[in-house]
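K.L.:
What follows is a structure written as structure tokens; I'll ask about it next.
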Amino acid sequence: MNAVDPNAASFTQILFCTDFSENADFAFSFALDAATRRPGSRLHLLHVVPESDAQFWKTYIYEVEDVDAKARHDVDERIETYRARVPAGQAFHVEIRIGKDYQEILDFARAQQIDLIVMGRQGRGALQKALFGNVTEKVVRRADCAVLVVPLSYRKRRTP
Numbered sequence: 031m032n033a034v035d036p037n038a039a040s041f042t043q044i045l046f047c048t049d050f051s052e053n054a055d056f057a058f059s060f061a062l063d064a065a066t067r068r069p070g071s072r073l074h075l076l077h078v079v080p081e082s083d084a085q086f087w088k089t090y091i092y093e094v095e096d097v098d099a100k101a102r103h104d105v106d107e108r109i110e111t112y113r114a115r116v117p118a119g120q121a122f123h124v125e126i127r128i129g130k131d132y133q134e135i136l137d138f139a140r141a142q143q144i145d146l147i148v149m150g151r152q153g154r155g156a157l158q159k160a161l162f163g164n165v166t167e168k169v170v171r172r173a174d175c176a177v178l179v180v181p182l183s184y185r186k187r188r189t190p
């Protein structure tokens with residue numbers, strides 16, 4: 031029988047990355063489960079607004095009053111749906127960044143010494159993946175920590 035190192039899978043800094051998609055919402059359950067099973071852990075939620083999208087809003091929707099306030103309100107509303115699921119006493123930190131999505135995720139993970147990144151996997155076709163890349167794939171390949179990738183199809187498999 032092999033001895034198991036009790037610290038080998040120990041992690042207390044958990045990063046959940048969201049684009050507010052259905053798949054990300056499903057993956058949040060895994061991040062929350064990982065955090066609540068580890069007393070003293072901290073769950074971080076990171077949402078990255080791609081820089082190109084941010085420029086789109088600034089450039090093309092300038093005629094809409096308070097577009098920044100409206101966008102921030104919508105993001106805050108979505109974050110509150112996650113916050114409502116976090117049990118009292120669980121450390122929970124929210125961060126919103128603008129930039130290149132996978133790079134912001136990796137930079138945040140390194141700066142915060144994240145032990146586990148939890149992300150949903152989008153069901154993209156091969157052509158779309160080849161043309162636009164895949165944030166999850168780039169994070170998995172470059173992260174210095176464990177990464178849990180949760181496909182939405184898993185929910186369908188689990189549900190009778």
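Under the numbering used here, the first residue of the sequence shown carries the number 31, and numbering increases by one thereafter. All residues carry an ideal CB built from backbone N, CA and C; glycine is no exception. Quick caveat, the model's predicted, so the values are computed rather than measured.
Are the beta-carbon atoms belonging to residue 146 and residue 172 less than 7 Å from one another?
P.N.:
Going by C-beta atoms, residue 146 is not nearer than 7 Å to residue 172.
K.L.:
Since residue 178 contacts residue 150 with CB under 8 Å, what's their CB separation in whole angstroms?
P.N.:
About 10 Å; that fails the 8 Å criterion.
K.L.:
Put residue 182 into one of helix, strand or coil per three-state DSSP.
P.N.:
Coil at residue 182, not helix or strand.
K.L.:
Using the DSSP secondary-structure output, state which residues sit across from residue 47 in a beta bridge.
P.N.:
Paired residue(s): 76.
K.L.:
Check each candidate in 64, 71, 80, 70 and name the one with the smallest Cα separation from residue 165.
P.N.:
If we check each option's Cα against that of residue 165, 80 comes out closest.
K.L.:
Compute the beta-carbon to beta-carbon distance between residue 115 and residue 76, rounded to the nearest angstrom, for a pair I have assumed lies under 8 Å.
P.N.:
Incorrect: roughly 16 Å between the Cβ atoms, too far for contact.
K.L.:
With a 10 Å radius around its C-beta and 16 neighbouring C-beta atoms as the bar for buried, classify residue 131 as buried or exposed.
P.N.:
Buried.
K.L.:
Spatial neighbours of residue 123 within its chain, please: C-beta separation below 8 Å, excluding the five flanking residues on both sides.
P.N.:
These residues qualify, in order along the chain: 72, 73, 74, 75.
K.L.:
Just tell me which of 48, 185, 127 has its CA closest to the CA of residue 109.
P.N.:
With distances taken between Cα atoms, residue 109 lies closest to 48.
K.L.:
Kindly indicate which residue of 107, 144, 128, 186 has the alpha-carbon position closest to the one of residue 65.
P.N.:
For the residues 107, 144, 128, 186, the minimum Cα distance to residue 65 belongs to 144.
K.L.:
Going along the chain, which residues of its own chain have a beta-carbon closer than 7 Å to the beta-carbon of residue 140, five neighbours each way excluded?
P.N.:
Excluding positions up to five away in sequence, the list reads 174.
K.L.:
What beta strand (DSSP E) runs, 3 residues minimum, are completely inside the region 119-148?
P.N.:
Listed in chain order, they are 121-129.
K.L.:
Do you know offhand how far residue 102's Cα is from residue 111's?
P.N.:
Computed Cα separation, rounded: 15 Å.
K.L.:
Indicate whether residue 41 and residue 180 have their beta-carbon atoms separated by less than 7 Å.
P.N.:
Taking 7 Å as the Cβ cut-off, residue 41 and residue 180 do not qualify as a contacting pair.
K.L.:
When we look at the beta-carbon of residue 118 and count the other beta-carbons within 10 Å, is it buried (16 or more) or exposed?
P.N.:
So residue 118 ends up on the exposed side.
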